[in-house]
Amino acid sequence: MLIVSLLGALAAAVCFGLATVLQAIGMRRAESLAKAVLTWPLIVGVGLDLLGFVFELAALRHLPLFLVQAAVASSLAVTAIAASMTMGERLGRRDWVAIGAVCVGLGALGLSAGPEGASRASNAFYWSLAAALIAIGVVGLILARLPGEPRTLALGLCAGLCFGILALASRTLPSLSPGDLLGEPAAYLIAGSGLVAFLIWTRALASGKVTTATAAMVIGQTVLPAAVGVLVLGDQARPGFVPVAVVGFLLAVGGALALARYGDVQPETTAVP
171 MLIVSLLGAL AAAVCFGLAT VLQAIGMRRA ESLAKAVLTW PLIVGVGLDL
221 LGFVFELAAL RHLPLFLVQA AVASSLAVTA IAASMTMGER LGRRDWVAIG
271 AVCVGLGALG LSAGPEGASR ASNAFYWSLA AALIAIGVVG LILARLPGEP
321 RTLALGLCAG LCFGILALAS RTLPSLSPGD LLGEPAAYLI AGSGLVAFLI
371 WTRALASGKV TTATAAMVIG QTVLPAAVGV LVLGDQARPG FVPVAVVGFL
421 LAVGGALALA RYGDVQPETT AVP
């Protein structure tokens, strides 16, 4: 089951990475956002995002958060490679080093990951996540008034923290049965955090450099869930493999940060007669 779950986490990264490229292609082919929604690349891209979330959710049920979230962040490596093959993006030496770091880091995490911790959480845990989500949303509204680059950095971090809450709620979701979901606090946290994260993230992308927003988002969605998973939910590495897990996490996330510019790839423009 561990191998299958690890493959699920990697499949989520592939889906998210390819979705970014397809959505960029769809936006390029359309004259407006409304028309872009009707293009097949964007439709397939959204479908891949949803499929990626399903893979992520499945992986979170059997793997520690520090592994799954690092794998999700590595989707930027998939985006970089796909963009170089389909959209004219050129990968430099630094990009390939970053991609290599992501691969080595994920390999180290897969080797060192121990069993998941608690699969259920207390009501106090969910109330804490809900309070944190509300606080982040309010702070996001306030920080949206900041000027320039500080605003982009702050909003990107807030969006990442919301994605982190989504991962934490998904990790503790005890059942996927539609009947059970109606009574599960985690299900409502998933919906709420996903919505708030999307709203803040779109605002972050519109307010400044994509590189800045993506880097901050990656930090927020990986570091917080990993820390809570270890300290609160009992996630752990295999005995004697803690240093390997730490180095692997730093390599995977660091490589993703170096590839942050691929968070919003821009295809080459061509003259339209």
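Quick note on my numbering: the sequence shown kicks off at 171 and runs consecutively. We put the CB at the ideal spot given by N, CA and C, even for glycine. Treat the numbers as computed from the prediction; the structure is a model and nothing was measured.
Item	Value
For Gly-334, count neighbouring C-beta atoms within 10 Å of its own C-beta (all shown protein chains included) and say buried if the count is 16 or more, exposed if not.	buried
Classify Leu-283 as helix, strand or coil using the three-state DSSP reduction.	Residue identity differs from the one stated: residue 283 is Ala in this sequence, not Leu. Three-state DSSP puts Ala-283 in a strand.
For Gly-330, which of Ala-181, Ala-278, Leu-427 and Leu-212 has the nearest alpha-carbon?	Leu-427
Distance check for Ala-183 and Leu-421, CA to CA, integer angstroms please.	16 Å
Cα separation between Leu-177 and Leu-313?	38 Å
Roughly how many angstroms lie between the CA atoms of Ser-340 and Leu-369, to the nearest whole one?	19 Å
For Ala-357, which option in Lys-379, Thr-342 and Trp-266 has the closest C-alpha, if you only look at C-alpha atoms?	Thr-342
How would you write the range of the alpha helix (DSSP H) that Gln-239 sits in, first residue to last?	235-243
Which residues does DSSP list as the beta-bridge partners of Ala-407?	Ala-283
Alpha carbon to alpha carbon, how far is Val-393 from Arg-321? Give it in angstroms, no decimals.	20 Å
Taking only the alpha-carbon atoms, compute the straight-line gap between Thr-256 and Gly-418 and give it to the nearest angstrom.	30 Å
Do you know whose CA, among Ala-374, Gly-222, Leu-172 and Val-224, lies nearest Leu-316's CA?	Ala-374
For the alpha helix (DSSP H) containing Gly-307, name the first residue and the last one.	293-313
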